[in-house]
Amino acid sequence: MNFGRDELTKYGLVAALAIATALPFLSDNMFLLNLLVLMLISIIFASAWNLLAFTGQGSLGHAAFFGIGAYASTLIAVRSGISPFVTIFLGAAVAAFIGILIGLTCVRLKEWFLAMVTFGFAIIVQTLTVSVLAPVTGGWDGIASPRLVSPSIPGYQFIEYYVVLAITITSLVVIWYIMKSRIGLAFLAIRENELEARAAGVDPIRYRLLAFAMSAYLAGIAGALQIYHIGYLTPDLYGVNNSFWPVTYVILGGLGTIAGPVIGTIVLTVIWEGLKETGLTFGRYVIVGFILILTIIFLPKGLVNLPERVQTWWKERGMEGSGARPQRSIWKFF
Amino acid sequence: MDNLGIFLQILFWGLYAGCIYILLATGLNLIFGVMKIVNFAHGEFLMIGAYITATVFFLTGINPYLIILLSMLALIGIGAVVERLCFRPILGTGKLNEIFLSIGLIYIFQNGAAMIWGDSWQSVKSPYDGITVPVGSLSIPLDYLIIVALTAAILIALYLFLKKTKTGREMRATSQNRKGAMLVGIDVERIDVISFGLGCALAAAAGTLWVVSGQVFNPYIGSMPAVKAFTIIILGGLGSIPGAIIGGLLMGVAENGAAFLLGGIWKDAVSFIILIVVLIIRPTGLFGEKGD
Numbered sequence: 001m002n003f004g005r006d007e008l009t010k011y012g013l014v015a016a017l018a019i020a021t022a023l024p025f026l027s028d029n030m031f032l033l034n035l036l037v038l039m040l041i042s043i044i045f046a047s048a049w050n051l052l053a054f055t056g057q058g059s060l061g062h063a064a065f066f067g068i069g070a071y072a073s074t075l076i077a078v079r080s081g082i083s084p085f086v087t088i089f090l091g092a093a094v095a096a097f098i099g100i101l102i103g104l105t106c107v108r109l110k111e112w113f114l115a116m117v118t119f120g121f122a123i124i125v126q127t128l129t130v131s132v133l134a135p136v137t138g139g140w141d142g143i144a145s146p147r148l149v150s151p152s153i154p155g156y157q158f159i160e161y162y163v164v165l166a167i168t169i170t171s172l173v174v175i176w177y178i179m180k181s182r183i184g185l186a187f188l189a190i191r192e193n194e195l196e197a198r199a200a201g202v203d204p205i206r207y208r209l210l211a212f213a214m215s216a217y218l219a220g221i222a223g224a225l226q227i228y229h230i231g232y233l234t235p236d237l238y239g240v241n242n243s244f245w246p247v248t249y250v251i252l253g254g255l256g257t258i259a260g261p262v263i264g265t266i267v268l269t270v271i272w273e274g275l276k277e278t279g280l281t282f283g284r285y286v287i288v289g290f291i292l293i294l295t296i297i298f299l300p301k302g303l304v305n306l307p308e309r310v311q312t313w314w315k316e317r318g319m320e321g322s323g324a325r326p327q328r329s330i331w332k333f334f
Numbered sequence: 335m336d337n338l339g340i341f342l343q344i345l346f347w348g349l350y351a352g353c354i355y356i357l358l359a360t361g362l363n364l365i366f367g368v369m370k371i372v373n374f375a376h377g378e379f380l381m382i383g384a385y386i387t388a389t390v391f392f393l394t395g396i397n398p399y400l401i402i403l404l405s406m407l408a409l410i411g412i413g414a415v416v417e418r419l420c421f422r423p424i425l426g427t428g429k430l431n432e433i434f435l436s437i438g439l440i441y442i443f444q445n446g447a448a449m450i451w452g453d454s455w456q457s458v459k460s461p462y463d464g465i466t467v468p469v470g471s472l473s474i475p476l477d478y479l480i481i482v483a484l485t486a487a488i489l490i491a492l493y494l495f496l497k498k499t500k501t502g503r504e505m506r507a508t509s510q511n512r513k514g515a516m517l518v519g520i521d522v523e524r525i526d527v528i529s530f531g532l533g534c535a536l537a538a539a540a541g542t543l544w545v546v547s548g549q550v551f552n553p554y555i556g557s558m559p560a561v562k563a564f565t566i567i568i569l570g571g572l573g574s575i576p577g578a579i580i581g582g583l584l585m586g587v588a589e590n591g592a593a594f595l596l597g598g599i600w601k602d603a604v605s606f607i608i609l610i611v612v613l614i615i616r617p618t619g620l621f622g623e624k625g626d
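Taken in sequence, the protein lines are chains A and B. The first sequence begins at 1 in this note's numbering and counts up one residue at a time. The second sequence begins at 335 in this note's numbering and counts up one residue at a time.
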């Protein structure tokens, strides 16, 4: 048996799709199905964040777009009576529009200036939601939203699962396609070396803005889906936690890869739910923090990179003692 | 109350709130100046300092203003460990990694504190509670005066440390030119640990002042002041300690003015609005260096 890397990826994809399609039939546990839906939504959200990270922009305020997508689609659905299936995309368009506005202030900023401003925008949006916009948004109390599939339909959870699954797969395919296209190449060029990208005729500002819009759109879809799944929304959606989760998922899985957000979300969700069984409350977050820090230090390219790392380690195992690699002093404290 | 009275009240509230921001921002500036790293989890050291102060006070009942020394010492230790185990391995691997790492630290510290002390709101009563000093037409709580004086004392001590001692000179040298400092025989990694520890100690002092001023606290108080401290150093200039002091005072006043004029809910948002407006006009900050 000797598979090439591409073939392995292909078979892996087919297997993942088959598992994702078959999962609801393997267990009639509704709790599990609910968890799977939330996990798929997190995958969309993490992928949205990752799309922005493709251009080298790390946002700490993606909860803003998530929340705007949720609020906008709910309000449109409630006020106009349009089906939630349509308003998901309308709400996301509002998020993308605001994403462009926020992006206009951010695209010239780098690294932690950008992190600060995006973080700040999430707080400003939350403040607006509970103060000026309170008559529409219901303030801190929030409002009820329609469900994606009415609970009166038998087996509505299954329908919902497959709808969310279809949207997730579509989003991933679209991201894959974008990254393969000229736009994706421009993103990478900007991330690697902005000056050279500009010399090659790529306008960094325009592409960063585009990344902002697309990322906000996807995050808005994720937000709308989550709210239509839960059926209620509050300004807690804009909370710091909601901004940090996608970062954690992506870092664990592998920054700047398409599979990274998917793998990171699945692994972390399994760990998170597994830890729930042990009865930990705050301890779960502490463990997530340790996982995040250990990943950054010891596996900077994420879980996606793990097979390669194991392979290198396997190859180098035989060459020990050749003295080729300098020893790092791990134990020297000061 | 007349308008002037309200204005003075806001000014004084701002001065007092500014003290906490000044200590945080100065600590961040110290760390940024020497190591060029950005630690978004800096506010968690404030929170730990607050809890250490409260715990020691509840256990022994000694004057909480004296506990400031203990909480600063404790945080020097915690800061050194965090620097050594978390930041040193990723030094020079990119700014984004530092931001993501601090998210991990935020998770650990906030929820670790919640595991130890619980996540409910607590508060401490200062021994000078209720004593006021008449200043002109205002009567100012004695606690606020002590806090302003203590902040000034800490800043003067820091200034003397940086100017007069050998370690202080080494820190300044490292912040000016890391490679140059290495060449003249300064152990920059030791300086990193000391700067990080000192920065954390300043945050701990801010935490103690937070507690003794009678403000409520829980494990999640740290994030907002830390982000505001970042705003201050963006406005006041990276690595500039006078900038941090002026920026801190302005931030305190602006915030309390906004809370008075627009309502308390705007207190947090207003600092970001200032930040965004400034960054739109000058993407490198008010006094920031050109380019990166």
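For every residue, glycine included, the Cβ atom is placed at its ideal position computed from N, Cα and C.
Leaving out five residues on either side along the sequence, give the residues of the same chain with a beta carbon under 6 Å from the beta carbon of Ile178(A). In the first sequence, the residue the question calls residue 178(A) occupies position 178. Same-chain partners within the cutoff: Gly184.
Through-space distance from Ala224(A) to Ser73(A), alpha-carbon basis: Here residue 73(A) corresponds to residue number 73 of the first sequence, with the count starting at 1. Here residue 224(A) corresponds to residue number 224 of the first sequence, with the count starting at 1. Here the C-alpha atom of Ser73(A) lies approximately 6 Å from the C-alpha atom of Ala224(A).
If the cut-off is 8 Å on Cβ atoms, which residues from the segment 388-412 of chain B count as contacting chain A, listed in chain order? Against chain A - using a Cβ distance shorter than 8 Å - the segment 388-412 of chain B contributes no residues.
Using a Cβ-Cβ cut-off of 7 Å, state whether Gly591(B) counts as contacting chain A. To locate residue 591(B), count along the second sequence from 1; it is residue 257. No, Gly591(B) does not count as interfacial toward chain A.
In DSSP terms, what Thr466(B) is bridged to: Mapped onto the second sequence, residue 466(B) falls at position 132. DSSP, once it has assigned bridges, lists Pro475(B) as partnering Thr466(B).
Contact with chain B by Thr39(A), beta-carbon distance below 7 Å: On the first sequence, residue 39(A) is found 39 positions in, with the first residue counted as 1. The question names Thr, but residue 39(A) is Met in the sequence shown. It does not: the Cβ of Met39(A) has no partner Cβ on chain B nearer than 7 Å.
Buried or exposed: where does Pro154(A) fall if 16 or more other Cβ atoms within 10 Å of its Cβ makes it buried? Against the first sequence, residue 154(A) aligns to sequence position 154. Of the other Cβ atoms in all chains shown, fewer than 16 fall within 10 Å of the Cβ of Pro154(A); this residue is therefore exposed.
Tell me whether Thr360(B) is buried or exposed, calling it buried when 16 or more other Cβ atoms sit within 10 Å of its Cβ. As a first step, residue 360(B) must be located in the second sequence, where it is residue number 26. Under a 10 Å Cβ-count criterion, Thr360(B) is classified as buried, with 16 or more other Cβ atoms of the shown protein chains found around its own Cβ.
Would the segment 555-569 of chain B count as touching the segment 403-410 of chain B if we require 3 or more Cβ pairs under 8 Å? Segment contact: the segment 555-569 of chain B against the segment 403-410 of chain B, fewer than three CB-CB distances shorter than 8 Å; contact not assigned.
Chain B beta carbons: is any one of them nearer than 7 Å to that of Val270(A)? Locating residue 270(A) in the first sequence gives position 270, counting from the first residue. Not one chain B Cβ lies under 7 Å of Val270(A).
Given that Pro423(B) touches chain A, what residues does it touch there, using C-beta distances under 8 Å? Here residue 423(B) refers to the residue found at position 89 when the second sequence is read from its first residue. Residues of chain A passing the Cβ test: Ile297.
Below 8 Å on the Cβ atoms is my guess for Pro475(B) versus Thr466(B); work out the distance and round it to an integer in Å. One-based indexing of the second sequence puts residue 475(B) at position 141. One-based indexing of the second sequence puts residue 466(B) at position 132. Distance from Pro475(B) to Thr466(B) at the Cβ level is roughly 5 Å; contact confirmed, criterion being Cβ atoms closer than 8 Å.
List the residues of chain A that Asn511(B) touches, going by C-beta distances under 9 Å, in chain order. To locate residue 511(B), count along the second sequence from 1; it is residue 177. Annotation: Asn511(B) has no Cβ neighbours in chain A at a cutoff of 9 Å; minimum Cβ distance is about 22 Å.
Residue-chain proximity (Met449(B), chain A), Cβ-Cβ < 7 Å: Looking up residue 449(B) in the second sequence gives position 115. Taking Cβ atoms only, chain A reaches closer than 7 Å to Met449(B), which makes this a yes.
Inter-residue Cα distance where the pair is Trp347(B) and Asp602(B): On the second sequence, residue 347(B) is found 13 positions in, with the first residue counted as 1. On the second sequence, residue 602(B) is found 268 positions in, with the first residue counted as 1. Using only the alpha carbons, I get a separation of about 15 Å.
Can you round the beta-carbon distance between Ala219(A) and Phe97(A) to whole angstroms, since I take them to be within the 8 Å contact cut? For the purposes of this step, residue 219(A) is identified with residue 219 of the first sequence, where counting begins at 1. For the purposes of this step, residue 97(A) is identified with residue 97 of the first sequence, where counting begins at 1. The pair is not a contact, with the Cβ atoms about 13 Å apart (cut-off 8 Å).
Residues in the same chain with beta-carbon distance under 6 Å from Arg616(B), minus the five sequence neighbours each way, listed in chain order, please. Mapped onto the second sequence, residue 616(B) falls at position 282. Cβ within range, chain order: n/a, list empty.
State the start and end residues of the unbroken alpha helix (DSSP H) segment that holds Tyr399(B). Counting from 1 along the second sequence, the entry for residue 399(B) is found at position 65. Taken as a continuous stretch (DSSP letters only), Tyr399(B) belongs to no alpha helix (DSSP H), as it is neither H nor E.
What first and last residue would you give for the alpha helix (DSSP H) that runs through Pro84(A)? Here residue 84(A) refers to the residue found at position 84 when the first sequence is read from its first residue. Going by DSSP, Pro84(A) is part of the alpha helix (DSSP H) stretching over 84-106.
Pick from Glu432(B), Val611(B), Ile480(B), Ile481(B): whose alpha carbon is nearest that of Ala112(A)? Stepping through the first sequence from its first residue, residue 112(A) is reached at position 112. For the record, residue 112(A) in the displayed sequence is Trp; it is not Ala. When only C-alpha atoms are compared, the closest one is Glu432(B).
For a contact meaning CB atoms closer than 7 Å, what does Lys429(B) contact in chain E? No chain E appears in this structure, whose protein chains are A and B.
What does a CB cutoff of less than 8 Å around Leu209(A) pick up in its chain, not counting 5 residues either side in sequence? Translated into positions along the first sequence, residue 209(A) becomes position 209. For Leu209(A), where only same-chain residues beyond five positions count, the Cβ hits under 8 Å are Ile100, Gly103, Leu104, Val107.
Please tell me whether Leu435(B) has its Cβ less than 7 Å away from any Cβ of chain A. Numbered from 1 along the second sequence, position 101 holds the residue referred to as residue 435(B). For Leu435(B), at least one C-beta of chain A is nearer than 7 Å to its own C-beta.
Terminal residues of the continuous alpha helix (DSSP H) containing Glu417(B)? Start at 1 with the first residue of the second sequence, and residue 417(B) comes out as number 83. Note, Glu417(B): premise wrong, no alpha helix (DSSP H); not H, not E.
By Cβ distance below 8 Å, which residues in the same chain neighbour Phe244(A) in space, the five residues on each side in sequence not counted? Taking the first residue of the first sequence as 1, we reach residue 244(A) at position 244. Close CB contacts of Phe244(A) within its chain, under the 8 Å cut and outside five residues either way in sequence, are with Leu60 (chain order).
Closest by C-alpha distance to Ile297(A), when choosing among Asn511(B), Gln444(B), Arg422(B): Taking the first sequence and counting its residues from 1, the one referred to as residue 297(A) is at position 297. Of the candidates Asn511(B), Gln444(B), Arg422(B), the residue whose Cα lies closest to the Cα of Ile297(A) is Arg422(B).
Secondary structure, alpha helix (DSSP H): runs of 4+ residues fully inside the segment 106-155 of chain A: As far as the segment 106-155 of chain A is concerned, its whole alpha helix (DSSP H) runs of at least 4 residues are 111-130, 134-137.
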